[in-house]
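Q: Oh and the sequence shown: position 348 is 353 in the numbering used here, straight run, nothing missing.
Quick reminder that beta carbons are idealized off the backbone N, C-alpha and C, glycines included.
Bear in mind the structure is a predicted one, so any value in this text is a computation, not a measurement.
Below is one structure. I have some questions about it.
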Amino acid sequence: MGRPDPAGEIPLLRRLWSGGHLLPDGASGGPAHPLIRLFGRWVRRPLLPAARLWRRNIQLRVVATTLLMSLGVVLLLGLVVIGQVRNGLLDAKRHAAQGQAVGGFEVAEQMADRKSDNRGQDGAGAGAQDSGAWLNALVEQLASGGKGAYSVVALSSDSGETPYVASRGPRASGDVQPDSVPADLRRRVDEGRTAPYERYGKIVHAGSGDAEPALIIGKRLDDNNGDAYQLYYLFPFSQEEKSLSLVKGTLATAGVFVVVLLGAIAWVVVRQVVTPVRMAAGISERLAAGLLQERMKVTGEDDIARLGESFNKMAQNLQLKIQQLEELSRMQRRFVSDVSHELRTPLTTVRMAADVIHEAREDFDPITARSAELLWGQVDRFESLLSDLLEISRFDAGAAALEAEPIDLRDVVHRVVDGAEPLAEAKGTRILVRGAEAPVIAEADPRRVERVLRNLVVNAVEHGEGRDVVVRLATAGGAVAVAVRDYGVGLKPGEATRVFNRFWRADPARARTTGGTGLGLSIAVEDARLHGGWLQAWGEPGGGSQFRLTLPRTAGDVLRGSPIPLEPADSRRNRRPDDTGAAQPPAERLAAVPAQPRSPLPADAAAPSADPTALPGNGARVVRGAPETPSDGPRGGRETDARPTTSNEGEGRPRGR
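This is the structure we're talking about:
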């Protein structure tokens, strides 16, 4: 394949081909050559719009299928009809030609017999001289009865039984060439003696050299002197070809009209069915977009009309139910808001009384003093619950406002860690901060971001069972991320999908150190969505959990990915070696987030600013497996790790559950 290049013995063309890695070494298949891929894209590009239209338009598919099938049927019928007409014309021509040829042969025999009877006692030489003239007269007489219908040719016999006669040359009527008679037919006529033979051939005309198909019938006869000769009738198929061409043209014209007519009929019929379906699809999209007053136009009493009526009844019932649910939800939100506001005044009074009693607890007996402490703690928890309920009601009412400003997430993380140090010291947990060497700047609401991170860090310390809690910061592209990793009890299968639900607790029997309300993560995920970001969870039983907050660097931007993988690199699955004993590479250790159901938005609706995986209960991943106890980290206070964080640019858009 090509000449060897100057560098070695390998041909140049082969080296160029192998450079594209059509089949990599040791592999049974691989990516195609770049030139082949380029050619494939060049060929496929103009076909993509047509393929998209073919997939999306059922009317086009039905009409095109009808046209193709009708075209096939017309072609098949045309071939059958043309074959039948052709065979009929050939049979009719053959029978007529045989009758004409048999009559001509009888006339030639009768003329030869009469000439022999009238011949005198002249010598053989005189008879031989009359033979050529007799053949000319015979050919002219036989051909005169069928001018244009057939031609007559007389040839000498090659049997060798008769002496050569100089005047015995080939005779033919009109401009027909005597060599139009095939040689094999002449041999068969000589061998058959008195039996006529026929064969399909071509008539060659003198001068023009044109040839036309014909049926040739010949027989061996005796002339007026008793010498053998061959007489042939040549019947051209010119009239039959004209008739067959007329039939073909008629069938082609009729076939085109039939195909076009069937296509038009299919278009009209399918349109009557597809138009209501398209209308129903458009109305369904508008209903999904929130336009609940949309209805189908119903005309007639057929199946399509009944479908439209059923669709309208369904839409009406859905609208009624949705309105009832919206009214109920509105009443619940208003009830929560009103109750929360109404509880402010008595709670303030109870709080003041509890503070007074709590300060004077040393003057009480032990039981009363303990009751005062419990009262003070529960009032404090009641205040937190009331504040969370008010915040949730603002989110539900759509009244939450974002006050974004450029902030350094390192400062927010340090404030959160400083505030969680007393709890960490009480639990024997060390909080490590990684990736804080370079600024992590983003346009965000510092109060809301601090509330989210405080909730994540406090939960990690509370459920970390005294092991280390790692807070990781990273920035890449147009996103910033903060991940909080603990090595505690983790999350059981199915819990990560409910961790953002309101008032949900992983273990109701587990004691709360900080007295949480069960609304922290629900408020945190709403804060993340308000920023256009994601709050996602990952966990494995006995291997801890990780919560990741991802925010756009610029307020209003749409996230395309996160700098930190959702599943940490030290998870149990990533630490497990493969079958060969080698650890899996990082590219293979990144687990895909389970698929997220599609949002019921119409095709022309604007894309949401936040990823759907940030919704409560979505975007979480739970690793199933037997619990394993990780090694306990050092205990103590807070420590800042100076190691940089490697951003994961290749993770791409997080995928939902």
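Going by other Cβ atoms of all chains shown within 10 Å of its Cβ, with 16 needed for buried, is MET301 buried or exposed?
A: Within the sequence shown, the letter at position 296 stands for residue 301. Buried: at least 16 other Cβ atoms inside 10 Å.
Q: How many angstroms separate the CA atom of LEU535 from the CA atom of GLU448?
A: Here residue 535 is taken as the residue at index 530 of the sequence shown, counted from 1. Here residue 448 is taken as the residue at index 443 of the sequence shown, counted from 1. Answer to the nearest angstrom: the Cα atoms are 12 Å apart.
Q: My understanding is that VAL5 touches ALA542, with C-beta atoms under 8 Å, so please give their C-beta distance in whole angstroms.
A: Residue numbering for the chain in the displayed model covers 6 to 662; residue 5 lies beyond these limits and cannot be assessed.
Q: Taking the beta carbon of ARG50 as the centre, do at least 16 other beta carbons fall within 10 Å, making it buried, or is it exposed?
A: Sequence index remark: in the sequence shown, residue 50 carries index 45 (1-based). It counts as exposed.
Q: Does DSSP put GLN115 in a helix, a strand or coil?
A: The residue you call residue 115 lines up with position 110 of the sequence shown. Correct three-state label for GLN115: helix.
Q: Using 10 angstroms around the beta-carbon of VAL85, count the other beta-carbons present and answer buried if the total reaches 16, otherwise exposed.
A: Within the sequence shown, the letter at position 80 stands for residue 85. VAL85 should be labelled exposed.
Q: If distances are taken between C-alpha atoms only, which option among ARG291, PRO444, GLU388 and VAL463 comes closest to PRO427?
A: As a first step, residue 427 must be located in the sequence shown, where it is residue number 422. Nearest option by C-alpha distance: VAL463.
Q: Alpha carbon to alpha carbon, how far is PHE552 from GLY382? Give it in angstroms, no decimals.
A: Within the sequence shown, the letter at position 377 stands for residue 382. Within the sequence shown, the letter at position 547 stands for residue 552. So the alpha carbons of these two residues sit roughly 29 Å apart.
Q: Is there contact between the segment 470–483 and the segment 428–441, where contact requires at least three CB pairs shorter than 8 Å?
A: Result yes; three or more Cβ-Cβ pairs closer than 8 Å.
Q: Quick one: what's LEU239 bridged to in DSSP?
A: On the sequence shown, residue 239 is found 234 positions in, with the first residue counted as 1. Answer is SER156 and ILE221.
Q: Report the three-state DSSP secondary structure of THR350 (helix, strand or coil).
A: As a first step, residue 350 is located in the sequence shown; it is residue number 345 there, counting from the start. Note: THR350 maps to helix in three-state DSSP.
Q: Comparing C-alpha positions only, which one of VAL454, GLY537 and GLY544 sits nearest to VAL494?
A: Locating residue 494 in the sequence shown gives position 489, where the first residue counts as 1. Comparing Cα-Cα distances from VAL494 to each of VAL454, GLY537 and GLY544, the minimum goes to GLY544.
Q: For ALA484 and THR555, which I take to be in contact (beta-carbon distance under 8 Å), what is that distance rounded to the nearest angstrom?
A: Locating residue 484 in the sequence shown gives position 479, where the first residue counts as 1. Locating residue 555 in the sequence shown gives position 550, where the first residue counts as 1. Their Cβ separation, rounded to whole angstroms, is 6 Å, which keeps ALA484 and THR555 in contact under 8 Å.
Q: Could you tell me whether the segment 225–244 touches the segment 254–272, using the rule of 3 or more Cβ pairs below 8 Å?
A: Cβ pair count under 8 Å is below three, so no.
Q: Need the endpoints of the alpha helix (DSSP H) that LYS432 sits in, please.
A: In the sequence shown, the residue the question calls residue 432 occupies position 427. Taken as a continuous stretch (DSSP letters only), the alpha helix (DSSP H) holding LYS432 covers 414–432.
Q: Which residues bound the beta strand (DSSP E) around ARG204?
A: Position 199 of the sequence shown holds residue 204. That run of the beta strand (DSSP E) goes 202–209.
Q: Please return the same chain residues whose Cβ sits closer than 7 Å to the Cβ of VAL417, not counting the five positions on each side in sequence.
A: Sequence index remark: in the sequence shown, residue 417 carries index 412 (1-based). Around VAL417: PRO451, VAL454, GLU455 and LEU458.
Q: By how many angstroms is the C-alpha of GLN103 removed from the C-alpha of SER156?
A: Locating residue 156 in the sequence shown gives position 151, counting from the first residue. Locating residue 103 in the sequence shown gives position 98, counting from the first residue. So the alpha carbons of these two residues sit roughly 14 Å apart.
Q: TRP509 lies in the alpha helix (DSSP H); which residues open and close that run?
A: On the sequence shown, residue 509 is found 504 positions in, with the first residue counted as 1. Looking at the DSSP string, TRP509 is not in any alpha helix (DSSP H), and its letter there is neither H nor E.
Q: Just curious, the alpha helix (DSSP H) that ALA56 is in, first and last residue?
A: One-based indexing of the sequence shown puts residue 56 at position 51. 52–61 is the extent of the alpha helix (DSSP H) around ALA56.
Q: So within the segment 450–479, which uninterrupted alpha helix (DSSP H) runs reach at least 4 residues, ignoring any that extend past its ends?
A: List check, alpha helix (DSSP H) in window: 451–468.
Q: Anyone know if the C-beta pair for LYS224 and PRO201 falls short of 8 Å?
A: On the sequence shown, residue 224 is found 219 positions in, with the first residue counted as 1. On the sequence shown, residue 201 is found 196 positions in, with the first residue counted as 1. It is a contact, given that the beta carbons lie within the stated cut-off.
Q: Could you say which of ALA159, ALA188 and ASP575 lies nearest to VAL181 if we only look at CA atoms?
A: Position 176 of the sequence shown, counted from the first residue, corresponds to residue 181. If we check each option's Cα against that of VAL181, ALA159 comes out closest.
Q: Indicate the three-state DSSP secondary structure (helix, strand or coil) for GLN551 in the structure shown.
A: Position 546 of the sequence shown, counted from the first residue, corresponds to residue 551. Three-state result, GLN551: strand.
Q: Between which two residues does the beta strand (DSSP E) containing ASP491 stretch?
A: As a first step, residue 491 must be located in the sequence shown, where it is residue number 486. Segment 484–491, the beta strand (DSSP E) holding ASP491.
Q: What is the rounded straight-line gap between the Cα of ALA405 and the Cα of ALA488?
A: Locating residue 405 in the sequence shown gives position 400, counting from the first residue. Locating residue 488 in the sequence shown gives position 483, counting from the first residue. Spanning the two alpha carbons is a distance of roughly 25 Å.
Q: Exposed or buried, what is ILE569 when buried is set at 16 or more other beta-carbons lying within 10 Å of its beta-carbon?
A: Against the sequence shown, residue 569 aligns to sequence position 564. So ILE569 counts as buried.
Q: Provide the residue span of the beta strand (DSSP E) that contains ARG191, from first to last.
A: For the purposes of this step, residue 191 is taken as residue 186 along the sequence shown, with counting starting at 1. Where ARG191 is concerned, there is no enclosing beta strand (DSSP E), although the alpha helix (DSSP H) it sits in stretches over 188–197.
Q: Should SER567 and ALA465 be called a contact, given that it needs their Cβ atoms to be closer than 8 Å?
A: On the sequence shown, position 562 is the one that residue 567 refers to. On the sequence shown, position 460 is the one that residue 465 refers to. No, Cβ-Cβ distance for SER567 and ALA465 is not below 8 Å.
Q: In this structure, what does DSSP give as the bridge partners for TRP539?
A: Position 534 of the sequence shown holds residue 539. According to DSSP, which records beta bridges pairwise, TRP539 is partnered with THR555.
Q: Figure out for me which residue from ASN460, THR480, ASP370 and LEU526 has the closest Cα to the Cα of LEU414.
A: In the sequence shown, the residue the question calls residue 414 occupies position 409. The option with the nearest alpha carbon to LEU414 is THR480.
Q: Tell me the residue span of the alpha helix (DSSP H) that contains LEU564.
A: Position 559 of the sequence shown, counted from the first residue, corresponds to residue 564. Segment: none, LEU564 is in no alpha helix (DSSP H) and carries neither H nor E.
Q: Can you say whether TYR205 is buried or exposed, counting buried as having 16 or more other CB atoms within 10 angstroms of its CB?
A: Mapped onto the sequence shown, residue 205 falls at position 200. Exposed, because fewer than 16 other Cβ atoms sit within 10 Å of the Cβ of TYR205.
Q: Looking at C-alpha atoms only, which residue of ILE41, ASP360, ALA294 and SER527 is the closest neighbour of LEU394?
A: For this step, residue 394 is matched to residue 389 along the sequence shown. The option with the nearest alpha carbon to LEU394 is SER527.
Q: Give the C-beta separation of GLU299 and ILE309 to the nearest angstrom, bearing in mind that I take them to be a contact with Cβ-Cβ under 8 Å.
A: Residue numbering aside, residue 299 sits at position 294 when the sequence shown is read from its first letter. Residue numbering aside, residue 309 sits at position 304 when the sequence shown is read from its first letter. That pair is no contact at about 18 Å.
Q: Taking Cβ to Cβ, would you say LEU72 is nearer than 8 Å to VAL264?
A: Within the sequence shown, residue 72 is the residue found at index 67, counting from 1. Within the sequence shown, residue 264 is the residue found at index 259, counting from 1. A contact, by the Cβ cut-off of 8 Å.
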